[in-house]
Ligand code: DGP
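Numbering (this note's numbering), first residue to last: 2 to 114.
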């Protein structure tokens with residue numbers, strides 16, 4: 002199986018502006034930021050989409066959410082930030098390795114486009 006783009010960033014095969022790393026996940030700045038803070042939180046495990054996660058991944062999913070909060074606080078946006086997951090091409094997913102977008106530093110509209 003070929004590596005996903007994000008596995009290549011995890012493995013330092015392509016560059017990434019990495020701001021957090023632990024045994025379960027990595028976080029790096031989005032190459033095409035949609036807000037002053039736009040970080041991607043990515044599990045080391047290459048789950049393609051949220052819908053592919055199983056009960057076995059329950060703890061990992063919780064860890065990813067807590068990591069989003071930690072990063073938002075670390076970046077100075079703990080008071081107002083958004084976490085988003087695009088599941089499937091129709092929802093805007095373009096990289097098929099699960100990732101949580103953490104956005105902040107500007108006013109957010111609802112619903113998202
Ligand atoms: P999504 O559309 O939800 O699959 O989000 C994928 C995000 O990944 C998108 O916001 C742009 C970002 N991205 C794509 N390629 C790269 C890359 O090579 N490096 C970084 N840092 N981000 C990337």
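Built from N, CA and C at the ideal position, the CB exists for glycine as well.
Quick check: what's the CA-CA separation for residue 95 versus residue 89?
Here residue 95 refers to the residue found at position 94 when the chain shown is read from its first residue. Here residue 89 refers to the residue found at position 88 when the chain shown is read from its first residue. Rounded to the nearest angstrom, the two C-alpha atoms are 8 Å apart.
Beta carbon of residue 20, beta carbon of residue 86: below 8 Å?
Counted from its first residue, the chain shown places residue 20 at position 19. Counted from its first residue, the chain shown places residue 86 at position 85. No, they are not a contact pair.
Rounded C-alpha distance that separates residue 55 from residue 24:
Translated into the one-based positions of the chain shown, residue 55 becomes position 54. Translated into the one-based positions of the chain shown, residue 24 becomes position 23. As the crow flies, the alpha-carbon of residue 55 is around 19 Å from that of residue 24.
Mind checking which residues open and close the beta strand (DSSP E) that includes residue 82?
Here residue 82 is taken as the residue at index 81 of the chain shown, counted from 1. Element bounds for residue 82: 82-85.
Only counting the same chain, and skipping five residues up and downstream in sequence, which positions put a Cβ closer than 7 Å to that of residue 8?
If you number the chain shown from 1, residue 8 lands on position 7. If the five residues before and after residue 8 are omitted, its C-beta is found closer than 7 Å to the C-beta atoms of 47, 98, all from its own chain and listed in chain order.
Consider the C-beta atom of residue 51 and the heavy atoms of ligand 1; say whether any pair is separated by less than 7 Å.
Translated into positions along the chain shown, residue 51 becomes position 50. Checking every heavy atom of ligand 1 against the Cβ of residue 51, none is found closer than 7 Å.
Could you tell me whether any non-hydrogen atom of ligand 1 is closer than 7 Å to the CB of residue 17?
As a first step, residue 17 is located in the chain shown; it is residue number 16 there, counting from the start. Yes, Cβ of residue 17 sits closer than 7 Å to a heavy atom of ligand 1.
Any non-hydrogen atom of ligand 1 within 7 Å of residue 12 CB
One-based indexing of the chain shown puts residue 12 at position 11. No - ligand 1 has no heavy atom lying nearer than 7 Å to the Cβ of residue 12.
Going by alpha carbons, who is nearest to residue 65 out of 34, 109, 74, 44?
Taking the chain shown and counting its residues from 1, one reaches residue 65 at position 64. Comparing alpha-carbon positions, the option among 34, 109, 74, 44 lying closest to residue 65 turns out to be 44.
C-alpha gap between residue 114 and residue 101, whole angstroms
Here residue 114 is taken as the residue at index 113 of the chain shown, counted from 1. Here residue 101 is taken as the residue at index 100 of the chain shown, counted from 1. Distance from the CA atom of residue 114 to the CA atom of residue 101, rounded to whole angstroms, is 17 Å.
Is the beta carbon of residue 41 sitting closer than 8 Å to the one on residue 31?
By one-based count along the chain shown, residue 41 stands at place 40. By one-based count along the chain shown, residue 31 stands at place 30. Judged by beta-carbon spacing, residue 31 lies within the 8 Å limit of residue 41, meaning their Cβ atoms are closer than that value.
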